[in-house]
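Reviewing the structure listed below.
Numbering (my numbering), first residue to last: 25 to 867.
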């Protein structure tokens, strides 16, 4: 019970909930302040001294002079004359500030002064100060411009509150709410009973916060811009705070009172806010230009139109104010109609948010409804228990037990909140928000099935079936990336006849790589997407594995005509995420099956290839032969053959097909059959190679060739006859001496038979007992270690010298061991084959 109570308390006091409460309370506080400010304007009205002022420059200072006096008015009765300089109003001096600030400050002094009694009014005439007493008159008018500002701030605050409640932890949502919360301070000033020093300080703080929030928001929406790095952002924040203070101190060092400094600072901030507002508008347009081409730009266009209207109205009001120089009824009547368009900015945001679902505000309505009903039920239950049960038990058990009962009721309140909230939420979801229903059960079932699916078509079918059934879609298709890197519809899901234009597929892939969110296709006016949109697909979302695009889901419209929104989007995201993992796993499974099949085929090919090589060496008196071949891959292109032609004649052959792997092994098998036939009908190595070349030219691919050497040993004559078709040189070892032979010859497979025959040379060597003849492939001399150093022929010769007394088999083993040691961790880069023939006594 205690753990449940703690869990419920933590949910109630979660960060998101606390932020929503904070947003709501701060919004209510500012709305109350706006109401008090507006009411103060109606109550206080405008106080007048019945004269018009002007600001002139004298001795480098801006001073306030009387431009015109209304006959019979307060100024005339007090003795004020045209041309007099106004020094003080109600004990407050007029500082030599910029013209607009002087007028604004002087008018604020009049508005804050009483009208039921005379006030001090000091003028300067002829260089001499004159102290007068003047009774001000109150002009009760409707402050239309301030009311427009109040409506503007209220609308922005309410829309910002909705956005903030939608996603309290979102950075853009938080900035938009903070902008709406503080915009009132940026476009108004303290008035009436709010014109005290304390309230003015609040206005300064709020105005600075508005500037920071507005610029930061415009730099983050609709896309995050690189306009501010961290260093520039710090300078901007510090500058926004210090600049008003520095400007005030620089221009108004002779201000006598602290209150006057605050007033001038507010005036400076109002000018800076207008400048920063223009900077924010520029950032919005800049962000619009950086939006991805495939994104829906309609909501942003609506926002930019509203923002530009507000900016133009702000400029218009500022220009009119500077020209008129004094707030009058005529001025208000002149600008009130266009000034009403000032509210275009918050209205444009509201339109974009609600019309285009720029931010999912329906979640706020849902949450508000759920928590309102839940809280109402809990409060009703709490009041009933507290008032009725508490009183009854309290009267029976005493005052002390009544406190215990109250604590118990509070515990029941906390325990009941979450279960009742869940029940109410299910009720509200079913009745009002079917698009926000809980898909967790379906996701759990889908997740279990997708892990069991075998093959891409099965996973794609599961994705399509789940989405189509739960969202009632009119069409759906799942595409996966093919070997060419293009999205291709899965035929088992999308149908045999569905095909997309290549330009549409390429554009869709680029769009999905730049945005991982669900995208509305019908909002993107691109002709390249016509082949995708025309079949009835309205949405798309990518399938990603390891950050790579591996497929896409194309969704049609819902059968009820409603747009996809709310938890449906989260549901699609979850389906896509798990589906991508399923497709990747299915592909890995398919690749594993293919790999095993390929390995089995290679193993079969290797067995066949090994069967083509001599399993045992022929036993003939006077000669000992040992051979070994180690392919670089499962199968290779090296080949050797030892064939007794008669009781005293032995054919030894080695060959190397260009390339490695399965293609080379196929040519090697072809060569094996030809050698068996040729050796039976030709007598010399020269004749055998010329016939082999003539036969291979008809079957071997252009660009492929075979090097070969054929040696014919005559045990009666004691000779070794050699013909070489471009192969490695023959080595003859006699004791510690190494001698090589390299008769001329081109590789087999050369198209020009005549050229091959003309270049082929045959030599005959006499041998002595104990001589060795070594035939080898270039995989020995060209073997490489980790440093890309070749083994070379010198190392080969050294191994042969060291193995002078070893048998042919031992020579091969030592040579392979030396090459393996030399290669180290480097992979074998070519097939290795060596044939060692050791001669004995002549027959």
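The beta-carbon is built from N, C-alpha and C at its ideal position, and this holds for glycine as well.
By how many angstroms is the C-alpha of residue 132 removed from the C-alpha of residue 99?
Here residue 99 is taken as the residue at index 75 of the chain shown, counted from 1. Here residue 132 is taken as the residue at index 108 of the chain shown, counted from 1. Between residue 99 and residue 132, the C-alpha separation is close to 17 Å.
Per DSSP, residue 733 forms a beta bridge with which residues?
Stepping through the chain shown from its first residue, residue 733 is reached at position 709. Bridge partners of residue 733: 678, 748.
Could you tell me which residues DSSP puts in a beta bridge with residue 75?
As a working note, residue 75 is residue 51 in the chain shown. Bridge partners of residue 75: 93.
Consult DSSP for residue 791 and reduce its assignment to one of helix, strand or coil.
In the chain shown, counting from the first residue as 1, residue 791 sits at position 767. Three-state result, residue 791: coil.
Can you tell me whether residue 634 is buried or exposed? The criterion is at least 16 other CB atoms within 10 Å of its CB, across all chains shown.
The sequence position of residue 634 within the chain shown is 610, counting from 1. So residue 634 ends up on the exposed side.
Quick one: residues in its chain with C-beta nearer than 8 Å to the C-beta of residue 849, no 5 flanking neighbours on either side, listed in chain order?
Taking the chain shown and counting its residues from 1, one reaches residue 849 at position 825. Closer than 8 Å at the Cβ level, and outside the excluded window around residue 849, lie 810.
Beta-carbon within less than 6 Å of residue 62's beta-carbon, same chain only, minus the 5 sequence neighbours each way: which residues are those?
As a position in the chain shown, residue 62 is number 38, starting the count at 1. Cβ neighbours of residue 62 beyond the five flanking positions: 174.
List the residues that DSSP assigns as beta-bridge partners of residue 501.
Within the chain shown, residue 501 is the residue found at index 477, counting from 1. Per DSSP, 578.
Those runs of the alpha helix (DSSP H) which lie wholly inside the region 801-848 and span at least 4 residues
802-805, 816-826, 832-847
Among residues of its own chain, excluding the 5 on either side of residue 203, which ones have a beta-carbon nearer than 6 Å to its beta-carbon?
Reading the chain shown from its first residue, position 179 is the one you call residue 203. So the list reads 237, 238, 241, once near-sequence residues are dropped.
Use the C-beta contact count for residue 631: other C-beta atoms within 10 angstroms, 16 or more gives buried, fewer gives exposed.
In the chain shown, counting from the first residue as 1, residue 631 sits at position 607. The residue in question, residue 631, is exposed, as its Cβ has fewer than 16 Cβ neighbours within 10 Å.
Just to confirm the assignment: which complete beta strand (DSSP E) runs, minimum length 3, are found wholly within the region 520-573?
561-569
Below 8 Å on the Cβ atoms is my contact criterion, and I expect residue 663 with residue 695 to pass it. Report the Cβ-Cβ distance as a whole number of Å.
Sequence index remark: in the chain shown, residue 663 carries index 639 (1-based). Sequence index remark: in the chain shown, residue 695 carries index 671 (1-based). At roughly 6 Å, the Cβ-Cβ gap stays under 8 Å, so residue 663 and residue 695 are in contact.
Report yes if the C-beta distance between residue 788 and residue 743 is below 9 Å; otherwise report no.
The count along the chain shown starts at 1 and reaches residue 788 at position 764. The count along the chain shown starts at 1 and reaches residue 743 at position 719. A contact, by the Cβ cut-off of 9 Å.
So what does DSSP say about residue 663, is it helix, strand or coil?
Mapped onto the chain shown, residue 663 falls at position 639. Three-state result, residue 663: strand.
What residue does the alpha helix (DSSP H) around residue 614 start on, and which one ends it?
One-based indexing of the chain shown puts residue 614 at position 590. From DSSP, the alpha helix (DSSP H) with residue 614 extends over 591-636.
Use the C-beta contact count for residue 195: other C-beta atoms within 10 angstroms, 16 or more gives buried, fewer gives exposed.
As a working mapping, residue 195 is identified with position 171 in the chain shown. Exposed.
Nearest-angstrom Cα separation, counted from residue 747 out to residue 661:
Position 637 of the chain shown, counted from the start, is the residue given in the question as residue 661. Position 723 of the chain shown, counted from the start, is the residue given in the question as residue 747. When rounded, the distance between both Cα atoms is 20 Å.
Buried or exposed: which applies to residue 827, given that a residue is buried once 16 or more other Cβ atoms fall within 10 Å of its Cβ?
Your numbering for residue 827 matches position 803 in the chain shown. It counts as buried.
Using a Cβ distance threshold of 8 Å, determine whether the region 801-815 contacts the region 762-771, with at least three qualifying pairs required.
no
Taking C-alpha atoms, which residue in 189, 227, 574, 805 lies nearest to residue 207?
If you number the chain shown from 1, residue 207 lands on position 183. Ranking the options by Cα distance to residue 207, first place goes to 227.
For residue 783, which residues in the same chain have their Cβ closer than 7 Å to its Cβ, ignoring the five residues on either side in sequence?
Within the chain shown, residue 783 is the residue found at index 759, counting from 1. Taken in chain order, the residues that qualify are 768, 769, 770.
Could you tell me the alpha carbon to alpha carbon distance between residue 129 and residue 43, rounded to whole angstroms?
Here the question's residue 129 lines up with position 105 in the chain shown. Here the question's residue 43 lines up with position 19 in the chain shown. If I take the Cα positions, the gap works out to 39 Å.
DSSP beta-bridge partners for residue 797?
The residue given as residue 797 occupies position 773 in the chain shown. Paired residues: 756, 861.
Which listed residue (337, 332, 338, 336) has its alpha carbon closest to that of residue 11
With the chain covering only 25 through 867, there is no way to say anything about residue 11.
Use the C-beta contact count for residue 854: other C-beta atoms within 10 angstroms, 16 or more gives buried, fewer gives exposed.
As a position in the chain shown, residue 854 is number 830, starting the count at 1. By the 10 Å Cβ count, residue 854 comes out buried.
Could you compute how far the alpha carbon of residue 247 sits from the alpha carbon of residue 314?
Taking the chain shown and counting its residues from 1, one reaches residue 247 at position 223. Taking the chain shown and counting its residues from 1, one reaches residue 314 at position 290. Each residue's Cα considered, the two are about 7 Å apart.
I need the boundaries of the beta strand (DSSP E) containing residue 467, first residue and last residue.
Within the chain shown, numbered from 1, the residue matching residue 467 stands at position 443. Here residue 467 belongs to no beta strand (DSSP E); instead the alpha helix (DSSP H) covers 464-476.
On the three-state DSSP scale, how would you describe residue 86?
To locate residue 86, count along the chain shown from 1; it is residue 62. Note: residue 86 maps to strand in three-state DSSP.
Within its chain, find whatever has a CB closer than 8 Å to the CB of residue 337; leave out the 5 residues flanking it on each side and keep chain order.
Within the chain shown, numbered from 1, the residue matching residue 337 stands at position 313. The answer, listed in chain order, is 362, 363, 365, 366, 368.
Between which two residues does the alpha helix (DSSP H) holding residue 588 run?
As a position in the chain shown, residue 588 is number 564, starting the count at 1. Run containing residue 588: none; DSSP gives neither H nor E here.
Can you look up residue 171 in the DSSP assignment and give me helix, strand or coil?
Translated into the one-based positions of the chain shown, residue 171 becomes position 147. Here residue 171 sits in helix by DSSP.
Name the DSSP beta bridge partners of residue 647, please?
Indexing the chain shown from 1 puts residue 647 at position 623. Per DSSP, 644, 863.
Based on the DSSP output, what are the partners of residue 772 in its beta bridges?
Along the chain shown, read from residue 1 onward, the residue named residue 772 stands at position 748. Note: residue 772 sits in a beta bridge opposite 730.
From 736, 529, 677, 860, pick the residue whose C-alpha is nearest to that of residue 757; which is it?
If you number the chain shown from 1, residue 757 lands on position 733. Ranking the options by Cα distance to residue 757, first place goes to 860.
How is residue 739 classed by DSSP in three states: helix, strand or coil?
Reading the chain shown from its first residue, position 715 is the one you call residue 739. Coil at residue 739, not helix or strand.
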